[in-house]
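A short worksheet on the structure shown next.
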Ligand code: ZN
Ligand code: ZN
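Numbering (our numbering), first residue to last: 587 to 987.
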């Protein structure tokens, strides 16, 4: 499965990046395959990348999505158990006197600090009434997991804007009272530890903002979720540079890989990602290759940038066409549209092409938003995608007698 994040678009003057890009390999895939459009979640529902990837892997996001915190935590390698509460976290700079909750956030990224390993080690030494774990994410970001509690009905400590005080975590349900207190204790103790940490004293001397507070947001509680293997009898590998997508793969019991040079932006090493994915096909039944850049470019509203990236991606896709399609099934699609005219995810259905020896090849010859709806797949839902592929491969079970 090649999932090109946010690639489809809304037309501007009748043109989309996919319709003007020179992309002979994607067009060849459309010509050789069966084509259609897909609502990754449901018509009119604007998908997040996490909820849509869950659906594309056959998991109903309305049943299994547990919020961004647990997925990011799984994405950076924390092994979550049902009941664990996970937050996304930022190192930030606070000033003032009194407790951390009296202090004002002056930099939500602590000068975009990168080297946070030592600070995280120090945070993991804090004494709390529950087990917890802090782990590094990209740049100034981290994740914090509190073990063995049952409610994430909590407010965030991140005020989300500078010039405001660190917020107290408040319970939104009785079952969250205890953990809310523990989170406030953690936030205060973390501030004390960070404030006097040698790395921060050093930063202060050099005139850099101290990373002296940790702000929490995106709480979620890990749910019981069946594994991909239990559901489909197949093993799964996810190749991505994005913690959120690796997290989705890991949450359903798959393995996640980031090849060298994969960055999640437009300079990513496509050669390495394709190569790694094709290698993994020798060991794994299902390989999901996630390419992030078109979504970022869509958020930046850069039409030409999207065209350029699609053309560069296409130049690497010839290797997919060399696969043996009597044994393999290739799906090329996206998790949602990120139109440059909107700069956000929209519910416009995505383009989907499926390649396999047994598909009913249709008349579609170009991989675009305008051609795909004329294909034989018509309009499908994200949750159906894997079933369609498994059926083509004769790996699905009969329903009924
Ligand atoms: Zn996405
Ligand atoms: Zn996005």
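Quick reminder that beta carbons are idealized off the backbone N, C-alpha and C, glycines included.
Fair warning: this is a prediction, and the values are worked out from it, not measured in the lab.
Per DSSP, reduced to three states, the secondary structure at residue 750 is coil, with no helix or strand assignment. Annotation for residue 814: 822, 838, 839, 840 place their beta carbon closer than 6 angstroms to its own, counting only its chain and skipping 5 residues before and after. Sorted by chain position, residues whose beta-carbon lies closer than 6 angstroms to a non-hydrogen atom of ligand 1 are 591, 592, 635, 881, 921, 922. For residue 876, the CB stays at least 7 angstroms from every heavy atom of ligand 2. The way I'd put it, the stretch 635-651 doesn't touch the stretch 716-723; fewer than three beta-carbon pairs between them come closer than 8 angstroms.
Residue 661 sits in a helix when the DSSP states are folded into three classes. Beta-bridge analysis with DSSP links residue 622 to 938, 964. Runs of beta strand (DSSP E) with 3 or more residues, each lying fully within the stretch 777-864, are found at 799-807, 822-825, 841-843, listed in chain order.
The C-alpha of residue 689 lies about 22 angstroms from the C-alpha of residue 804.
In this structure, residue 876 lies near residue 825, with their beta-carbon atoms less than 8 angstroms apart. In the DSSP assignment, residue 706 falls outside any beta strand (DSSP E) and within the unbroken alpha helix (DSSP H) covering 703-709. Distance between residue 731 and residue 695, taken at the CA atoms: about 20 angstroms. When Cβ pairs closer than 8 angstroms are counted between the two stretches, the stretch 882-896 is seen to touch the stretch 914-934, the count reaching three or more.
Less than 8 angstroms divides the Cβ of residue 754 from the Cβ of residue 687.
Cβ-Cβ distances below 8 angstroms link residue 907 to 611, 614, 615, 618 in the same chain, with the five nearest sequence neighbours on each side left out; the list follows chain order. Residue 751 and residue 770 have their alpha carbons spaced roughly 14 angstroms apart.
With a contact defined as Cβ atoms closer than 8 angstroms, residue 671 and residue 807 qualify at about 5 angstroms. In this structure residue 874 does not touch residue 658 by the C-beta definition: roughly 18 angstroms separates them, more than the 8 angstroms allowed. In this structure residue 759 does not touch residue 680 by the C-beta definition: roughly 28 angstroms separates them, more than the 8 angstroms allowed. When the beta-carbon positions are compared, residue 921 and residue 595 stay at least 8 angstroms from each other. Here residue 677 is buried, its C-beta having at least 16 other C-beta atoms within 10 Å. A Cβ-Cβ separation of about 18 angstroms leaves residue 646 out of contact with residue 935 under the 8 angstroms criterion.
Between the alpha carbons of residue 856 and residue 599 lies a distance of about 31 angstroms.
In the DSSP annotation of this structure, the continuous segment of the alpha helix (DSSP H) that includes residue 649 starts and ends at 647-650. The continuous stretches of alpha helix (DSSP H) do not include residue 589, which lies in the beta strand (DSSP E) extending over residues 588-590. Listed as beta-bridge partners of residue 953 by DSSP are no residues whatsoever. Taking 8 angstroms as the cut-off, the Cβ atoms of residue 827 and residue 836 do not count as close.
Note that the C-beta distance between residue 963 and residue 620 is below 8 angstroms. Excluding five sequence positions before and after residue 918, the CB atoms of its chain that fall closer than 6 angstroms to its own CB belong to 588, 615, 939, given in chain order. By the neighbour-count criterion, in which 16 or more other beta carbons inside 10 Å mark a residue as buried, residue 737 falls on the buried side. Looking at the DSSP output, residue 719 bridges to 731.
Residue 984 and residue 978 have their alpha carbons spaced roughly 13 angstroms apart.
Judged by their CB atoms, residue 834 and residue 643 are nearer to each other than the 8 angstroms cut-off. When DSSP states are grouped into helix, strand and coil, residue 905 belongs to the helix group.
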